[in-house]
Amino acid sequence: MKLRRRMIALTALFASMNLQAGEPTVETLETAICKDQSVSYVLNRSRTSEPSFVLILFPGGDGIVNPHLDKKGRLAYRKKTNFLLRTRSLIVDKAFATAVTDSSSDPVRFRCLTSHLKTIFPRADLYLIGTSRGTFDTMRLAPEIQDDIKGVIHTSSLSSIVNFDTRKLKNRQLIVHHREDACSATSFAAAQSSAKRYGTDFIAVDGGMLDGNPCQPFSHHGYAGIEEMVVEHIKAWIRRE
């Protein structure tokens with residue numbers, strides 16, 4: 002696999018200090034080039050240290066991030082209001098980095114990405130995290146990538162998670178869901194039932210605010226108003242605290 006890295010200027014969102022860690026971060030466009038395809042992604046990381054963990058983020062909706070350089074050479078991509086993308090400033094610190102790419106259930110594409118990340122960060126543990134419709138892909142991928150990453154996190158999962166048997170999987174699995182998620186496609190009861198049935202690690206959260214469509218990012222479905230708490234729960238689970 003060939004490596005190609007393209008540095009860009011800091012965006013306004015990530016040029017500022019991480020509020021919790023006081024850690025300056027940098028955002029770059031990366032491209033993994035493999036035998037049959039290439040995978041572009043947005044990498045957010047500390048400017049001063051190598052991460053112990055890299056979280057691969059799969060957004061919801063149509064899942065298309067489409068990271069690229071625009072005509073002026075600036076990084077451009079979609080889904081910036083998605084729960085996972087808008088909380089990167091909370092995730093990224095000295096220990097954590099994030100990689101954002103299009104959601105996909107193609108294991109070959111995913112391994113192209115993880116191979117590139119392992120080349121950049123050979124000592125880091127990789128985790129996949131998806132939200133809402135992105136969990137269709139995290140659930141589909143999970144059995145195929147057991148040996149490639151340390152674990153998978155499913156947030157605001159599609160109701161089909163009720164039949165997601167994690168007992169068959171060798172790596173770690175976590176389900177995160179808001180008790181008051183009112184999106185018809187992502188039932189809290191289904192997530193809770195799955196965790197109980199298969200013994201999957203489970204984090205249920207409360208609080209926050211509801212603004213508009215219950216399936217949109219700024220609602221209980223997207224953990225609006227409690228982003229910091231949810232992110233810290235997830236990071237603590239990854240750290241095994």
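For reference, each letter of the sequence shown is one residue, going 2 to 242 in the numbering used here. Glycine residues also receive a C-beta, built at the ideal position from the N, C-alpha and C atoms. Quick caveat: nothing in here was measured; it's all calculated off a predicted structure.
Should the segment 32-43 be called in touch with the segment 98-114, which here means at least 3 C-beta pairs below 8 Å? Contact annotation: the segment 32-43 touches the segment 98-114, with at least three C-beta pairs closer than 8 Å.
State the CB to CB distance for the pair residue 175 and residue 154, rounded to an integer number of angstroms; the pair is presumed to be in contact (CB under 8 Å). The residue labelled residue 175 in the question sits at position 174 within the sequence shown. The residue labelled residue 154 in the question sits at position 153 within the sequence shown. Contact check for residue 175 and residue 154: beta-carbon distance about 5 Å, within the 8 Å limit, so the pair qualifies.
Whole angstroms is fine: what's the gap from residue 189's alpha carbon to residue 74's? Walking along the sequence shown from the start, residue 189 turns up at place 188. Walking along the sequence shown from the start, residue 74 turns up at place 73. Approximately 42 Å between the Cα atoms of the pair.
Quiz item: Are there 16 or more other CB atoms within 10 angstroms of the CB of residue 2, so buried, or fewer, so exposed?
Solution: Against the sequence shown, residue 2 aligns to sequence position 1. Since pLDDT at residue 2 reaches only 42, below the 50 mark, its modelled position is unreliable, and no value is offered.
Taking the alpha-carbon positions, what's the residue 161 to residue 191 distance? In the sequence shown, the residue the question calls residue 161 occupies position 160. In the sequence shown, the residue the question calls residue 191 occupies position 190. If you take the alpha carbons of residue 161 and residue 191, they lie about 7 Å apart.
| query | Can you tell me the Cα-Cα spacing of residue 236 and residue 92, whole angstroms? | reply | Taking the first residue of the sequence shown as 1, we reach residue 236 at position 235. Taking the first residue of the sequence shown as 1, we reach residue 92 at position 91. Residue 236 and residue 92: Cα-Cα distance of roughly 8 Å.
(message) Residues in the same chain with beta-carbon distance under 6 Å from residue 22, minus the five sequence neighbours each way, listed in chain order, please.
(response) Position 21 of the sequence shown, counted from the start, is the residue given in the question as residue 22. Unreliable positioning characterises residue 22 in this predicted model, as indicated by a pLDDT of 45, which lies under 50. A coordinate reading is not provided.
Does the beta-carbon distance from residue 60 to residue 42 come in below 9 Å? In the sequence shown, counting from the first residue as 1, residue 60 sits at position 59. In the sequence shown, counting from the first residue as 1, residue 42 sits at position 41. Going by C-beta atoms, residue 60 is not nearer than 9 Å to residue 42.
In three-state DSSP terms, what is residue 174? Taking the first residue of the sequence shown as position 1, residue 174 is located at position 173. If DSSP states are grouped into helix, strand and coil, residue 174 belongs with the strands.
Suppose contacts are defined by Cβ-Cβ distances below 9 Å. Is residue 240 in contact with residue 122 by that definition? Within the sequence shown, numbered from 1, the residue matching residue 240 stands at position 239. Within the sequence shown, numbered from 1, the residue matching residue 122 stands at position 121. Pairing residue 240 with residue 122 gives a Cβ-Cβ distance that is not under 9 Å.
- What number of angstroms, rounded off, separates the C-alpha of residue 232 from the C-alpha of residue 107? As a position in the sequence shown, residue 232 is number 231, starting the count at 1. As a position in the sequence shown, residue 107 is number 106, starting the count at 1. Their backbone Cα atoms lie some 27 Å apart in a straight line.
>> In the DSSP output, which residue or residues are listed as bridge partners for residue 202?
In response: Position 201 of the sequence shown holds residue 202. According to DSSP, which records beta bridges pairwise, residue 202 is partnered with 175.
request  = Within 10 angstroms of the Cβ of residue 24, are there 16 or more other Cβ atoms? Answer buried if so, exposed if not.
outcome  = The residue you call residue 24 lines up with position 23 of the sequence shown. Result: buried.
CB-CB under 6 Å to residue 140, same chain, minus the five flanking residues each way: which ones, in chain order?
Mapped onto the sequence shown, residue 140 falls at position 139. Result list for residue 140: 165, in chain order.
Problem - residue 103, buried or exposed, once every other Cβ within 10 Å from all chains shown has been counted against 16 - result: On the sequence shown, residue 103 is found 102 positions in, with the first residue counted as 1. Burial state of residue 103 is buried, judged by a 10 Å Cβ sphere holding 16 or more other Cβ atoms.
Practice task
For residue 150, name the three-state secondary structure that DSSP assigns.
Solution key: As a first step, residue 150 must be located in the sequence shown, where it is residue number 149. If DSSP states are grouped into helix, strand and coil, residue 150 belongs with coil.
### Closest by C-alpha distance to residue 199, when choosing among 167, 138, 156
Working through the sequence shown from its first residue, we reach residue 199 at position 198. For the residues 167, 138, 156, the minimum Cα distance to residue 199 belongs to 167.
Looking at C-alpha atoms only, which residue of 126, 211, 133, 119 is the closest neighbour of residue 173? Indexing the sequence shown from 1 puts residue 173 at position 172. Taking only the C-alpha atoms, the option nearest residue 173 is 126.
What ranges does the beta strand (DSSP E) occupy inside the segment 79-111, keeping only unbroken runs of at least 3 residues that lie completely in it? The segment 79-111 contains these whole beta strand (DSSP E) runs: 97-101.
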